[in-house]
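Numbering (the UniProt record's numbering), first residue to last: 1 to 444.
One structure is given here, and the rest of the page talks about it.
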């Protein structure tokens, strides 16, 4: 590390990995309810488990972005973070808000809006922590060197904060509520978060490949342009059935096609740069995650998302297990793998050791990725069958569940393997490090 304040990333990464474990364990519990319907029904109902699963996902990803920002911005800006005290204050507020929300859910205290279930005062604390963070990193960038990577990252982070503020608007009219609800849910994951993803991936590729910064930044301009242009109006594919005018059918369908472009561009970008560099970086695990991320994002967010983004198809498929298939692989590919790639690259430097436990780390990659791909195919097959039986043949929802129960067993099994992969990753990243033996000492 070149700057002392880069160490601020370490507690953020540790907190993120702790919540990552909570998230995947809650996911397995939720999957168990699908095959054992009365499992924990009296103690922790399914909707509470699902809240913890989805909310923990969003919070640990944000903690990962915060930590990555504190790690990369000093190097990009060539100066220390503006205030270490503010960074610690932000972490304390954010983690307290997240834990308070989980405790509240367990006692039935929530607002009930999907993904935005946090009580009002928790949202206020999260917004305050976010504002403190934005101030801290913005002041750092303003006083230091300005690069395309840091500017794009800052643009994505500012966008995430601004669009989160729409979570406070909760109108009585359900159609109006959904209209603005998507401004948080969609614009985050299919808009401004893509800018964060592109900036973090660009930083990793600069460090891992050694390719000239100007080449990487030219690609970054193209990806950012398509992400903003397609992501904002691509919100239209969520407006098909909520009472909005029919012209959203055409807007949503057209811009949904364009939304695939930045993900495909990231695949070409990453592999072209690695091929061009010919560099054998010692941190092979970080390289593996950095290349796997755009591939899984392209298929999960791009291809699977596009498959049911057209009105004529979405009319039948929305709200089925096809949506779950798309959501799981999209989040894993685009954002989970991105954070794990950054953790794999940065933690050796933060802990003061050479790239370590790489074999275990790469095993965790294949275990989690294989489990997620299998889960996605399982949910996709279940969704196709569900769509035909329910939306075409008109069978009842509960009647269909018995027809697709086998797929729920497959999902539960893949979830267990994913948890094992997550535990393996956390151990490889934060666990004990064996003493590095040099070639000279080995043969002396």
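Glycine included, each C-beta is placed from N, C-alpha and C at the ideal position.
Discussion item. Quick check on DSSP: helix, strand or coil for residue 395?
Written reply: As a first step, residue 395 must be located in the chain shown, where it is residue number 395. Reduced to three states, the DSSP call for residue 395 is coil.
Item to complete: Find out if the Cβ-Cβ distance for the pair residue 404, residue 17 is shorter than 8 Å.
Response: On the chain shown, position 404 is the one that residue 404 refers to. On the chain shown, position 17 is the one that residue 17 refers to. Taking 8 Å as the Cβ cut-off, residue 404 and residue 17 do not qualify as a contacting pair.
Worksheet item: Since residue 306 contacts residue 256 with CB under 8 Å, what's their CB separation in whole angstroms?
Response: Locating residue 306 in the chain shown gives position 306, where the first residue counts as 1. Locating residue 256 in the chain shown gives position 256, where the first residue counts as 1. Taking C-beta atoms under 8 Å as the contact rule, residue 306 and residue 256 qualify, at a distance of about 6 Å.
Discussion item. Could you tell me the alpha carbon to alpha carbon distance between residue 170 and residue 331, rounded to whole angstroms?
Written reply: Against the chain shown, residue 170 aligns to sequence position 170. Against the chain shown, residue 331 aligns to sequence position 331. Spanning the two alpha carbons is a distance of roughly 26 Å.
Fill in: Boundaries (first-last residue) of the alpha helix (DSSP H) holding residue 402
Here residue 402 is taken as the residue at index 402 of the chain shown, counted from 1. Run containing residue 402: none; DSSP gives neither H nor E here.
Worksheet entry | Buried or exposed by the 16-neighbour rule on C-beta atoms within 10 Å, applied to residue 386 | One-based indexing of the chain shown puts residue 386 at position 386. Flag for residue 386 reads buried.
Item to complete: Leaving out five residues on either side along the sequence, give the residues of the same chain with a beta carbon under 6 Å from the beta carbon of residue 147.
Response: Taking the chain shown and counting its residues from 1, one reaches residue 147 at position 147. Non-local beta-carbon contacts of residue 147 in its own chain, meaning distances under 6 Å to residues more than five positions away in sequence, involve 76 in chain order.
Worksheet entry | N-terminal and C-terminal residue of the alpha helix (DSSP H) that residue 445 is part of | The chain is shown from 1 up to 444; residue 445 falls before or after that span and cannot be answered.
Worksheet item: How would you label residue 225, buried or exposed, when you count the other beta carbons within 10 angstroms and need 16 or more for buried?
Response: Within the chain shown, numbered from 1, the residue matching residue 225 stands at position 225. Under this definition residue 225 is an exposed residue.
Discussion item. Determine whether the beta carbon atoms of residue 236 and residue 192 lie at a separation below 8 Å.
Written reply: The sequence position of residue 236 within the chain shown is 236, counting from 1. The sequence position of residue 192 within the chain shown is 192, counting from 1. The criterion of a C-beta distance shorter than 8 Å is not satisfied by residue 236 and residue 192.
Worksheet entry | Under 8 Å between C-beta atoms of residue 420 and residue 360 | By one-based count along the chain shown, residue 420 stands at place 420. By one-based count along the chain shown, residue 360 stands at place 360. No, the Cβ-Cβ distance between residue 420 and residue 360 is not below 8 Å.
Worksheet item: Does residue 186 get closer than 8 Å to chain D when you measure Cβ to Cβ?
Response: In the structure shown, chain D does not exist; there is a single protein chain.
Worksheet item: Is it right to say residue 411 is buried, meaning 16 or more other beta carbons lie within 10 angstroms of its own, or is it exposed?
Response: Counting from 1 along the chain shown, the entry for residue 411 is found at position 411. Answer is buried; the Cβ neighbour count reaches 16.
Worksheet item: Run through DSSP, which three-state label would residue 432 get?
Response: As a first step, residue 432 is located in the chain shown; it is residue number 432 there, counting from the start. Assigned with DSSP and collapsed to three states, residue 432 falls in coil, not helix or strand.
Fill in: Candidates 241, 36 and 205: closest to residue 338 by CA position
For the purposes of this step, residue 338 is taken as the residue at position 338 of the chain shown. With respect to the C-alpha of residue 338, the residue from 241, 36 and 205 having the closest C-alpha is 205.
Item to complete: Could you check what DSSP says for residue 79 in three-state terms: helix, strand or coil?
Response: Here residue 79 refers to the residue found at position 79 of the chain shown. In the structure shown, residue 79 adopts coil according to DSSP, grouped into three states.
Worksheet item: Would the beta-carbon of residue 60 fall within 8 Å of that of residue 20?
Response: By 1-based counting over the chain shown, the position of residue 60 is 60. By 1-based counting over the chain shown, the position of residue 20 is 20. Going by C-beta atoms, residue 60 is nearer than 8 Å to residue 20.
Worksheet item: Under a three-way DSSP split, which group does residue 440 fall into?
Response: Taking the first residue of the chain shown as position 1, residue 440 is located at position 440. Bear in mind that the predicted position of residue 440 carries a pLDDT of just 35, short of 50, making it too unreliable to give a figure here.
Worksheet item: How is residue 135 classed by DSSP in three states: helix, strand or coil?
Response: Taking the chain shown and counting its residues from 1, the one referred to as residue 135 is at position 135. Per DSSP, reduced to three states, the secondary structure at residue 135 is helical.
Practice prompt. Under 8 Å by Cβ, that's how I've got residue 223 and residue 286 pegged, so tell me the actual separation to the nearest angstrom.
Written response: For this step, residue 223 is matched to residue 223 along the chain shown. For this step, residue 286 is matched to residue 286 along the chain shown. The Cβ separation is near 20 Å, so there is no contact.
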